[in-house]
Amino acid sequence: MATASTMITLAPTGAETVKADAPALPVTLEELVETAKAVQAAGAALIHVHIRDEKYEPTLDLGRLKETVAALREETDLIVQLSTGGAVTDPYEDRLRVLDALPDSCSLTCGTVNFGHDVFMNPWPFMVELYQKTQELEVVPEFELFDLGHIATLHRLLDEYGLPYGGKIHCDLVMGVPGGMPGDARTLVAAVQALPEGASWSATGIGRTTLPVMLAALSVGGHLRVGMEDTLTYAKGEPVRDNLQLVERAAKLATLAQRPPMPIEEARAMLAVKERRPGKVGPVHGSRRSGQGP
21 MATASTMITL
31 APTGAETVKA
41 DAPALPVTLE
51 ELVETAKAVQ
61 AAGAALIHVH
71 IRDEKYEPTL
81 DLGRLKETVA
91 ALREETDLIV
101 QLSTGGAVTD
111 PYEDRLRVLD
121 ALPDSCSLTC
131 GTVNFGHDVF
141 MNPWPFMVEL
151 YQKTQELEVV
161 PEFELFDLGH
171 IATLHRLLDE
181 YGLPYGGKIH
191 CDLVMGVPGG
201 MPGDARTLVA
211 AVQALPEGAS
221 WSATGIGRTT
231 LPVMLAALSV
241 GGHLRVGMED
251 TLTYAKGEPV
261 RDNLQLVERA
271 AKLATLAQRP
281 PMPIEEARAM
291 LAVKERRPGK
301 VGPVHGSRRS
311 GQGP
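See below:
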């Protein structure tokens with residue numbers, strides 16, 4: 021489903037990188053908010069959030085998540101998406117509890133995948149419970165797809181449990197993870213052809229696949245996710261300066277492709293997110309369990 025503009029997602033932090041190895045990594049709430057304000061001005065519409073504790077370690081602490089969501093809504097208009105993946109060691113119950121922070125959107129990974137030397141576990145019963153909770157709490161899921169088999173699982177999920185809240189399907193193709201699908205144009209096209217009809221999608225290239233995936237996605241009408249969660253190298257031998265640098269490059273390439281950055285309100289409509297910003301009223305998208313099946 022190609023559009024005339026490109027939704028740019030920023031994934032600024034992740035759960036793997038150590039602050040000492042990347043000083044520009046935003047790990048405090050203040051750093052995250054400042055990053056969010058800067059990238060909104062540069063053309064980003066959505067922020068994919070992992071948070072850290074006082075020792076800069078990954079955490080799924082619900083109080084911190086709620087504080088983060090509130091601060092991002094207060095200081096920006098970005099669509100706030102919380103990761104339900106966390107770190108590979110996080111227990112399922114903590115990952116489910118993320119939704120209690122009531123973000124606009126959340127990630128929902130459609131299957132288990134080898135993740136470098138680790139395994140990112142997403143068994144079917146957990147996926148179903150997470151998906152049903154997104155429907156109940158009116159949170160729009162972004163289906164994260166690390167491999168072609170994940171797309172088959174996405175179809176199964178939709179067939180058995182109906183459409184997500186709001187009735188729109190949005191996916192992110194995460195490419196180039198060691199253990200997942202490769203980050204090249206041929207694989208991207210195969211993945212896009214297998215997506216549910218009418219789905220919108222973005223693509224993420226991990227590490228050295230960042231630019232090939234970005235250019236391939238733009239060429240076939242997709243959206244973009246960039247950020248220091250996904251790459252710490254801007255070019256060969258050149259470390260990333262900060263997250264703003266990555267968003268600025270994505271915005272420039274999208275503009276060159278004649279699909280400039282998508283305004284935030286257009287992105288909100290495309291994803292059909294529930295309006296939760298203070299003092300704002302938006303349309304209601306469907307019922308509490310929009311399109312849910314048995």
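Here my numbering = 1-based position in the sequence shown + 20.
By construction, the Cβ of each residue, glycine as well, lies at the ideal position given by its N, Cα and C atoms.
Just so we're clear, the structure is a prediction, and the values are computed from it rather than from any experiment.
Restricting attention to ALA214, ALA274, ALA44 and LYS75, the CA atom closest to the CA of THR251 is found in ALA44. GLU162 sits in a strand when the DSSP states are folded into three classes. Where ASN134 is concerned, the enclosing beta strand (DSSP E) starts and stops at 133 to 135. Boundaries of the alpha helix (DSSP H) harbouring LEU238: 230 to 239, taken from the DSSP string.
Here GLU36 carries a coil assignment [DSSP, helix/strand/coil].
Sorting GLY257, ARG176, THR79 and ASN263 by C-alpha distance to the C-alpha of ASP114 places THR79 at the top. Judged by DSSP secondary structure, THR207 falls within the alpha helix (DSSP H) whose first and last residues are 205 to 214.
Scanning the stretch 55 to 125 for uninterrupted alpha helix (DSSP H) segments of 4 residues or longer gives 82 to 95 and 112 to 117, listed from N- to C-terminal end. In this model, VAL38 and GLY169 are separated by some 31 Å (Cα to Cα).
Of all alpha-carbon atoms in LEU244, ILE67, VAL197 and MET141, the one lying nearest the alpha-carbon of SER125 is that of ILE67. Contact annotation: LEU291 and HIS190 have beta-carbon atoms nearer than 7 Å. The straight-line gap separating the alpha-carbon atoms of TYR185 and GLY257 is approximately 43 Å. Counting C-beta pairs with one atom in each stretch, the stretch 106 to 120 and the stretch 131 to 145 have three or more that are closer than 8 Å, which means they touch. Taking C-beta atoms as the reference points, VAL47 and ARG72 count as a pair closer than 7 Å.
The alpha-carbon separation between ALA24 and GLN213 amounts to approximately 20 Å. Nearest C-alpha to GLY225 among PHE146, ASP192 and GLY218: ASP192. Separation of the CB atoms of PRO32 and GLU249 is rounded to 7 Å, and the pair is thereby assigned contact status at 8 Å.
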